[in-house]
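In the numbering used here, the protein residues as written are 432 to 542. All C-beta atoms, glycine included, are put in the ideal place defined by N, C-alpha and C. A short worksheet on the structure shown next.
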């Protein structure tokens with residue numbers, strides 16, 4: 432029997448843990464949800480890297496704008512840092528932001 436994949440989901444919206452759980456169930460995976468809301472992202476990321484083994488996949492909120500950090504400007508920069516340590520692990524950046532600017536129909540497809 433094949434070992435289930437494991438993924439880690441970093442997000443500053445705790446309600447998205449339900450989505451992580453649903454995904455894990457759908458693909459028969461193990462998951463860990465890291466709630467970073469109102470936390471010091473630098474400490475959270477460094478602690479995670481020092482205490483964890485490389486997962487099969489990381490899912491990272493692209494913005495992480497409900498955290499504080501002296502190092503990372505967004506989730507995407509935190510993902511780049513994590514990838515320097517977990518070099519074989521794919522990282523998917525996700526967002527649920529609905530801040531699409533008003534744009535002409537042709538341009539709006541780019542968002």
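#1: Shortest alpha-carbon distance to residue 482 belongs to which of 498, 517, 470, 442?
#2: Between 463, 507, 493, which has its C-alpha nearest residue 526's C-alpha?
#3: How would you label residue 465, buried or exposed, when you count the other beta carbons within 10 angstroms and need 16 or more for buried?
#4: State the Cα-Cα distance for the pair residue 542 and residue 524, rounded to the nearest angstrom.
#5: Given 8 Å as the limit, is there contact between the stretch 504–518 and the stretch 444–460, that is, 3 or more CB pairs closer than that?
#6: Along the alpha helix (DSSP H) that carries residue 515, what are the first and last residues, could you check?
#7: Taking C-beta to C-beta, are residue 485 and residue 515 nearer than 8 Å?
#8: Is the separation between the beta-carbon of residue 473 and that of residue 500 shorter than 8 Å?
#9: If you follow the alpha helix (DSSP H) that residue 482 is in, where does it begin and where does it stop?
#10: What residue from 497, 498, 491 has the CA that sits closest to residue 451's CA?
#11: Among residues of its own chain, excluding the 5 on either side of residue 436, which ones have a beta-carbon nearer than 6 Å to its beta-carbon?
#12: Does residue 505 pass the burial test, meaning 16 or more other C-beta atoms within 10 Å, or should it be called exposed?
Here's the rundown:
#1: 517
#2: 493
#3: buried
#4: Confidence at residue 542 is low in this model, with a pLDDT of 44, below 50, so its placement is unreliable and no value can be given for it.
#5: no
#6: Unbroken alpha helix (DSSP H) run through residue 515: 506–516.
#7: no
#8: yes
#9: From DSSP, the alpha helix (DSSP H) with residue 482 extends over 472–482.
#10: 491
#11: Close CB contacts of residue 436 within its chain, under the 6 Å cut and outside five residues either way in sequence, are with 460, 487 (chain order).
#12: buried
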